[in-house]
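J.: In full-length UniProt numbering, the protein residues as written are 1 to 185. Where is the CB? At the ideal position from N, CA and C, for every residue including glycine.
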Amino acid sequence: SDSKQLQENWAILKEELTICYQKVADTHKEMQELDRSMAEALLSIGTVEGEIQTMRPVENLLLEDLNLEKVECLEFRQRVHEAGTHLDDVNNWASSIQAMGIELSDQLEHHILAINERYEKLKRDIGCRWAALERALNDFGPASENFLVDLVEPPWQRAISTTNRLPYYIDHSAEHTQWDHPAMV
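Here it is as structure tokens:
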């Protein structure tokens, strides 16, 4: 009776150990995938961060370079997006491991969070660059009228109405405005 109970308990223990071993093996495989995807994400994000460091500030670009820089910015956005797919893999593997009931260490969670923050910073940086290029093209590009500002002599100033985008002229000595060019009045 005791030996029969021992055999049953032994069989149950072996079965539980088999389940435990399988869970450890599955978790190990998932952890290896998480490690691999983290390495790929770090490499991809690091490469993109290095590229952004080599870009000239928008304010130092020549007017004729703005359109080319805008095209390069689009290509750069694509590389940032590709880095994001590697980051998605990291987050998916981490979620998969947690779904198995395995808790990630605080150190690993902080590392994953840091990678996510680096990616978000890249997205913000490229978004800011895109906006700066857009502003520069609007302010100084072929469609702007900044080159016409110098067509009047002081105390006159040429300005553009914000409501209808038409030019008007300001006489600072008489403190009045008019739609017609001062030379025509």
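Taking Cβ positions, are I115 and V90 nearer each other than 8 Å?
T.: Translated into the one-based positions of the sequence shown, residue 115 becomes position 115. Translated into the one-based positions of the sequence shown, residue 90 becomes position 90. Yes, they are a contact pair.
J.: Is the Cβ-Cβ distance between V48 and L122 less than 8 Å?
T.: Counted from its first residue, the sequence shown places residue 48 at position 48. Counted from its first residue, the sequence shown places residue 122 at position 122. Result yes, Cβ atoms of V48 and L122 sit closer than 8 Å.
J.: S166: buried (16+ other C-beta within 10 angstroms of its C-beta) or exposed?
T.: On the sequence shown, residue 166 is found 166 positions in, with the first residue counted as 1. In the sequence as displayed, the identity of residue 166 is Leu instead of Ser. Under this definition L166 is an exposed residue.
J.: Could you name the residues that DSSP lists as bridge partners for W156?
T.: Within the sequence shown, numbered from 1, the residue matching residue 156 stands at position 156. W156 pairs with D171.
J.: Look at the Cβ atom of Y119, then the Cβ atom of A83, and state whether they are nearer than 8 Å.
T.: Locating residue 119 in the sequence shown gives position 119, counting from the first residue. Locating residue 83 in the sequence shown gives position 83, counting from the first residue. In contact: Y119 and A83 (Cβ atoms closer than 8 Å).
J.: Between which two residues does the alpha helix (DSSP H) carrying H181 extend?
T.: On the sequence shown, residue 181 is found 181 positions in, with the first residue counted as 1. Neither: H181 is in no alpha helix (DSSP H) and is coded neither H nor E.
J.: Are the CB atoms of A41 and H111 nearer to each other than 8 Å?
T.: By 1-based counting over the sequence shown, the position of residue 41 is 41. By 1-based counting over the sequence shown, the position of residue 111 is 111. It is not a contact, given that the beta carbons lie outside the stated cut-off.
J.: How would you write the range of the alpha helix (DSSP H) that I115 sits in, first residue to last?
T.: Your numbering for residue 115 matches position 115 in the sequence shown. It spans 106–140 - the alpha helix (DSSP H) in which I115 sits, taken as one unbroken run.
J.: Would a C-beta distance cut-off of 8 Å place I170 and W179 closer than the cut-off?
T.: Indexing the sequence shown from 1 puts residue 170 at position 170. Indexing the sequence shown from 1 puts residue 179 at position 179. Their beta carbons are not under 8 Å apart, which means I170 does not touch W179 by this criterion.
J.: As an exercise, report each continuous alpha helix (DSSP H) stretch of at least 4 residues that is fully enclosed by the segment 1–62, in chain order.
T.: 2–54
J.: Can you list, in chain order, the residues of its chain with a C-beta nearer than 6 Å to that of W130? Leave out the 5 residues immediately preceding and following it.
T.: Counting from one through the sequence shown, the residue named residue 130 turns up at place 130. Cβ within range, chain order: C73.
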